[in-house]
Amino acid sequence: MPTRPGIPSPNIAPYLGPVIDQSRSIEYRKLGARNLLNRLNGSQMPFGWTVNPYRGCQMACVYCYARHTHEFLGHADPAEFEQTIYVKQPDHRSILESLRRARASGLEVAIGTATDPYQPAEARFKITRQVLEVARQVPGLRVGITTKSPLVTRDLDLLCEIACQSRLWVNLSIVTLDLDLARKLEPRAPRPDLRLRAMSGLSSAGVATRLFVMPILPGLTDGDGTLEPLLEAARDAGSREIRWNVLFLRQGTRELFLKLIREEFPWLVDRYRALYARSAYVPQEYRDELERRIAAHAQAVGLDCCAREGVSVADQGPRSRQLALVW
Ligand code: SF4
Numbered sequence: 434m435p436t437r438p439g440i441p442s443p444n445i446a447p448y449l450g451p452v453i454d455q456s457r458s459i460e461y462r463k464l465g466a467r468n469l470l471n472r473l474n475g476s477q478m479p480f481g482w483t484v485n486p487y488r489g490c491q492m493a494c495v496y497c498y499a500r501h502t503h504e505f506l507g508h509a510d511p512a513e514f515e516q517t518i519y520v521k522q523p524d525h526r527s528i529l530e531s532l533r534r535a536r537a538s539g540l541e542v543a544i545g546t547a548t549d550p551y552q553p554a555e556a557r558f559k560i561t562r563q564v565l566e567v568a569r570q571v572p573g574l575r576v577g578i579t580t581k582s583p584l585v586t587r588d589l590d591l592l593c594e595i596a597c598q599s600r601l602w603v604n605l606s607i608v609t610l611d612l613d614l615a616r617k618l619e620p621r622a623p624r625p626d627l628r629l630r631a632m633s634g635l636s637s638a639g640v641a642t643r644l645f646v647m648p649i650l651p652g653l654t655d656g657d658g659t660l661e662p663l664l665e666a667a668r669d670a671g672s673r674e675i676r677w678n679v680l681f682l683r684q685g686t687r688e689l690f691l692k693l694i695r696e697e698f699p700w701l702v703d704r705y706r707a708l709y710a711r712s713a714y715v716p717q718e719y720r721d722e723l724e725r726r727i728a729a730h731a732q733a734v735g736l737d738c739c740a741r742e743g744v745s746v747a748d749q750g751p752r753s754r755q756l757a758l759v760w
């Protein structure tokens with residue numbers, strides 16, 4: 434059902450709860466949910482279950498493809514994605530039952546497919562940690578966690594336990610090592626070097642880590658001079674693999690991102706116009722050329738490499754795909 438600006442969608446409206454905390458310009462609201470784990474039906478994604486403890490994300494990445502999802506919660510202003518954070522309420526028994534079903538299915542439980550499970554809200558509410566505490570009770574799982582935050586190392590005790598009895602990957606998302614560029618693209622995300630340090634700490638403790646270069650931004654982070662040092666740094670921090678994907682510019686993100694391009698990188702305006710003229714995805718020729726270069730860099734530094742494939746239920750589209758928006 435199409436959303437109307439400022440009106441929550443009818444299937445979400447009953448779950449919207451009151452303000453439970455405030456901090457400077459951020460408001461935290463309760464979000465009821467029947468279950469924190471969602472089962473994907475008939476999806477082409479490389480995982481079968483998703484966990485997103487929060488809706489909205491304070492890290493405020495300009496390229497974030499989840500921004501439009503705040504419209505379903507009744508937020509018409511795109512900035513509210515970073516200012517009004519919804520906190521799901523965990524029910525341990527439901528999580529335990531779902532994790533057992535996930536284990537029986539043999540499919541991966543992906544934590545952080547839409548918003549960051551270690552965004553600043555997690556330091557207060559510890560919802561992700563509560564999910565991991567239950568996961569510790571279910572050996573034999575396949576679990577993937579994706580984050581930009583070194584806060585993930587707070588849970589090293591649990592992660593080590595889970596890694597001993599289940600297949601666990603922690604995916605550290607880093608698009609550039611250039612701090613100035615990162616500040617423009619990801620204004621409130623932790624510095625790239627802090628993410629690398631987290632990767633190193635996890636790897637040293639025996640937790641398998643991967644570098645997620647998602648999204649790669651044409652003209653900004655797709656050069657060999659950006660990619661090669663990034664892959665080398667990840668390899669040195671203990672990453673075993675790299676996964677990557679190219680910027681997906683759907684409505685809700687497109688306007689904000691192209692505004693940044695106009696204001697900060699005006700020489701790229703025509704290039705973006707050409708690349709994203711027909712669709713939210715880059716043309717296949719661009720992607721193929723990038724794939725060749727990344728594969729060569731990965732081989733040179735000794736990392737396994739593949740493009741992140743899969744498609745959200747909402748975004749069935751061309752071959753070039755972005756991480757799913759699945760709740
Ligand atoms: S950290 Fe992830 S979820 Fe948060 S704003 Fe950035 S891209 Fe979006």
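Take the sequence shown: its letter number 56 is residue 489 in the numbering used here, and every next letter is one higher.
Glycine included, C-beta positions come from ideal geometry on N, C-alpha and C.
Check your understanding: What is the rounded straight-line gap between the Cα of P441 and the Cα of H730?
Key -> Indexing the sequence shown from 1 puts residue 441 at position 8. Indexing the sequence shown from 1 puts residue 730 at position 297. The alpha-carbon atoms of P441 and H730 are separated by roughly 45 Å.
Point to revise | L506 versus V495, V520, E722, residue with shortest Cα-Cα distance | key: Here residue 506 refers to the residue found at position 73 when the sequence shown is read from its first residue. The shortest Cα separation from L506 among V495, V520, E722 belongs to V520.
**Study point:** Residue closest to G439, alpha-carbon to alpha-carbon, out of E674, A509, I528, E697
**Key:** Working through the sequence shown from its first residue, we reach residue 439 at position 6. Nearest C-alpha to G439: A509.
Exercise for review: With hydrogens ignored, establish whether the beta-carbon of T548 is closer than 6 Å to any heavy atom of the ligand SF4.
Suggested key: Looking up residue 548 in the sequence shown gives position 115. Yes - the ligand SF4 has a heavy atom lying nearer than 6 Å to the Cβ of T548.
**Study point:** Rounded C-alpha distance that separates R536 from Q563
**Key:** Against the sequence shown, residue 536 aligns to sequence position 103. Against the sequence shown, residue 563 aligns to sequence position 130. Going from the Cα of R536 to the Cα of Q563 covers about 18 Å.
Check your understanding: According to the Cβ coordinates, are L629 and A670 closer than 7 Å?
Key -> Position 196 of the sequence shown holds residue 629. Position 237 of the sequence shown holds residue 670. The answer is yes: Cβ separation under 7 Å.
Review point. With 16 other CB atoms within 10 Å as the buried threshold, where does D699 fall?
Key: Here residue 699 corresponds to residue number 266 of the sequence shown, with the count starting at 1. A quick correction: the sequence has Pro, not Asp, at residue 699. So P699 counts as exposed.
Check your understanding: G634 and T586: beta carbons closer than 7 Å?
Key -> In the sequence shown, counting from the first residue as 1, residue 634 sits at position 201. In the sequence shown, counting from the first residue as 1, residue 586 sits at position 153. Cβ distance < 7 Å, so G634 and T586 count as in contact.
Exercise for review: Evaluate G573 with the Cβ neighbour count: other Cβ atoms within 10 Å of its Cβ, from every protein chain shown; 16 or more gives buried, anything less gives exposed.
Suggested key: Start at 1 with the first residue of the sequence shown, and residue 573 comes out as number 140. It is exposed - the Cβ of G573 has fewer than 16 other Cβ atoms within 10 Å.
Point to revise | A773 versus C494 - alpha carbon distance | key: Residue 773 lies beyond the range of the chain shown here (434 to 760); nothing can be said about it.
Review point. Which of helix, strand or coil does DSSP assign to K497?
Key: Here residue 497 refers to the residue found at position 64 when the sequence shown is read from its first residue. The sequence shown places Cys at residue 497, not Lys. DSSP places C497 in coil when its eight states are reduced to three.
Check your understanding: Mapping DSSP to helix, strand and coil, what is C490?
Key -> The sequence position of residue 490 within the sequence shown is 57, counting from 1. Three-state DSSP puts C490 in coil, outside helix and strand.
Exercise for review: Compute the minimum distance between the beta carbon of M632 and the heavy atoms of the ligand SF4, and state whether it is under 6 Å.
Suggested key: Counting from one through the sequence shown, the residue named residue 632 turns up at place 199. Every heavy atom of the ligand SF4 is 6 Å or more from the Cβ of M632, so no.
**Study point:** As assigned by DSSP and simplified to three states, the class of R512
**Key:** Translated into positions along the sequence shown, residue 512 becomes position 79. Position check: residue 512 holds Ala in this sequence, whereas Arg was assumed. Of the three classes helix, strand and coil, the one that applies to A512 here is coil, per DSSP.
Point to revise | Contact set for K692: own chain, Cβ-Cβ below 8 Å, skip 5 residues either direction | key: Walking along the sequence shown from the start, residue 692 turns up at place 259. Answer for K692: no residue qualifies.
Review point. If we count Cβ pairs, one from each stretch, closer than 8 Å, do we get three or more for the stretch 707-722 versus the stretch 537-546?
Key: no
Point to revise | Under the three-state DSSP convention, the category F480 falls into | key: Locating residue 480 in the sequence shown gives position 47, counting from the first residue. Correct three-state label for F480: coil.
Review point. Is I675 near L736, with beta carbons less than 7 Å apart?
Key: As a first step, residue 675 must be located in the sequence shown, where it is residue number 242. As a first step, residue 736 must be located in the sequence shown, where it is residue number 303. Yes. Within cutoff.
Review point. In chain order, which beta strand (DSSP E) runs of at least 3 residues are fully inside the stretch 628-693?
Key: 641-649, 674-679
Practice item. Report, in whole angstroms, the separation of the C-beta atoms of Q552 and M632, which I expect to be a contact under 8 Å. Key: Within the sequence shown, the letter at position 119 stands for residue 552. Within the sequence shown, the letter at position 199 stands for residue 632. Incorrect: roughly 18 Å between the Cβ atoms, too far for contact.
Review point. Going by alpha carbons, who is nearest to L605 out of P451, R643, E696?
Key: Looking up residue 605 in the sequence shown gives position 172. When only C-alpha atoms are compared, the closest one is R643.
Exercise for review: Taking only heavy atoms of the ligand SF4 into account, decide whether any of them is closer than 6 Å to the Cβ of M492.
Suggested key: Looking up residue 492 in the sequence shown gives position 59. Yes, Cβ of M492 sits closer than 6 Å to a heavy atom of the ligand SF4.
Exercise for review: Give the secondary structure of P583 by DSSP, where H, G and I count as helix, E and B as strand, and everything else as coil.
Suggested key: Within the sequence shown, the letter at position 150 stands for residue 583. It is helical.
Review point. Between the C-alpha atoms of T686 and A499, what's the straight-line distance to the nearest angstrom?
Key: Here residue 686 corresponds to residue number 253 of the sequence shown, with the count starting at 1. Here residue 499 corresponds to residue number 66 of the sequence shown, with the count starting at 1. Cα to Cα, the separation comes out at about 8 Å.
Exercise for review: Would you mind working out which of K463, E541, Q570 sits nearest Q477, comparing C-alpha positions?
Suggested key: As a working note, residue 477 is residue 44 in the sequence shown. The shortest Cα separation from Q477 among K463, E541, Q570 belongs to E541.
**Study point:** CA nearest to the CA of R488, picked from D611, S599, Q522
**Key:** As a working note, residue 488 is residue 55 in the sequence shown. Among D611, S599, Q522, the Cα nearest to that of R488 is on Q522.
Review point. Do you know offhand how far R462's Cα is from R557's?
Key: Taking the sequence shown and counting its residues from 1, the one referred to as residue 462 is at position 29. Taking the sequence shown and counting its residues from 1, the one referred to as residue 557 is at position 124. Rounded to whole angstroms, R462 to R557 spans 13 Å at the Cα level.
Exercise for review: Spatial neighbours of F514 within its chain, please: CB distance less than 6 Å, with the 5 preceding and 5 following residues excluded, ordered by chain position.
Suggested key: As a working note, residue 514 is residue 81 in the sequence shown. So the list reads G489, R500, H503, once near-sequence residues are dropped.
Review point. Do you know how far the Cα of I518 is from the Cα of V456?
Key: In the sequence shown, the residue the question calls residue 456 occupies position 23. In the sequence shown, the residue the question calls residue 518 occupies position 85. The sequence shown places Ser at residue 456, not Val. Their backbone Cα atoms lie some 11 Å apart in a straight line.
**Study point:** Spatial distance of R437 from D657 (CA atoms)
**Key:** Along the sequence shown, one-based indexing puts residue 437 at 4. Along the sequence shown, one-based indexing puts residue 657 at 224. The alpha-carbon atoms of R437 and D657 are separated by roughly 43 Å.
Practice item. Sort A547, R673, L660, I459 by Cα distance to S637 and report the nearest one. Key: On the sequence shown, position 204 is the one that residue 637 refers to. Of the listed residues, the one whose Cα sits closest to S637 is R673.
Exercise for review: Closer than 7 Å by C-beta to L584: which residues in its own chain qualify, once you throw out the five before and the five after it? Chain order, please.
Suggested key: In the sequence shown, residue 584 corresponds to position 151, counting from 1. So the qualifying residues of the chain are Y551, E555, A556.
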